[in-house]
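The opening residue of the sequence shown carries number 1 in full-length UniProt numbering; numbering runs sequentially from there.
In this text, a Cβ means the ideal position worked out from N, Cα and C, and glycines have one as well.
For clarity, every value in this text was computed on a predicted model and none was experimentally measured.
Structure first, commentary second.
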Amino acid sequence: MLVRVKSRYRPVAMTAAEAMDGRVRRRERNAALLYDAAAELLATRSLDEISVEEICRRAGVGRATFFRIFETKEGLLREFNRRLTADAAARIDAAGDIDLRAALGHVRDAIIEAWGHAGPGHASMALTYAYHAPERIHDPHPELYALVRQRIERAMASGEIPGVVPASLAASLAVINLTAPVAWTLSHRADELDELSGVLLDQWYAGMISTPKPDRRRNGPRP
């Protein structure tokens, strides 16, 4: 005769925070699967030649999920830049106590390496965005902008650079100088990316550390 024994363990309902964490992890996992699948296709084909359905089949993720995460195929550029920024942040962390110019040099290195391994599809994404850029020019790379602004605010606070130019504007100009050469070289000469980005970064930094005229000085860094 079989005796059914009741377990003393009862399922515990997930808290709202645990449920949210689970959704975030699933979203991140699906985003990674979709982007990795797209990147494999973009390595040899342009963005226009690849359909969302093809990306989803390769990733094993539903079409609706793709649109919830990326909205459009061009949204894949945001994930490309998010990974690029994570690489730049890791380089900066590994370098330890460094000044602003050195930190932005690591950002530049991450940009050059990422685009050096990018396929034709990534190039077409960047060019599409460059030609139809929205008013908010840093929409495709908010994490990169935030990383650069953080380093600029730190440099202003330490006195490495004067706080004459608002940190938000200084960061915007820095990111433009770091990324504009990518769009230019994609439609001109790719082998000039390293040289151009270095020159533009040096020019930006020279302008930031220059001593302002007395009538243009401001007290302390501005946001």
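Considering only V148, A167, L186, the residue with the shortest C-alpha distance to H122 is L186. The three-state secondary structure of A114, taken from DSSP, is helix. For P181, the three-state secondary structure derived from DSSP is helix. Between I137 and L193, the C-beta spacing is not below 8 Å.
A residue is called buried once 16 or more other Cβ atoms fall within 10 Å of its Cβ, and L100 is buried on that count. At least 8 Å separates the beta-carbon of R151 from that of L201. Contact fails between the region 148–166 and the region 52–72, because fewer than three Cβ pairs, one in each stretch, are under 8 Å apart.
C-alpha of S210 to C-alpha of W204: approximately 10 Å in a straight line.
Following the DSSP letters along the chain, one finds I55 inside the alpha helix (DSSP H) bounded by residues 52–59. In the three-state DSSP reduction, T44 falls in the coil class, being neither helix nor strand. Closest option to K73, judged by alpha-carbon separation, among G207, A88, L42: L42.
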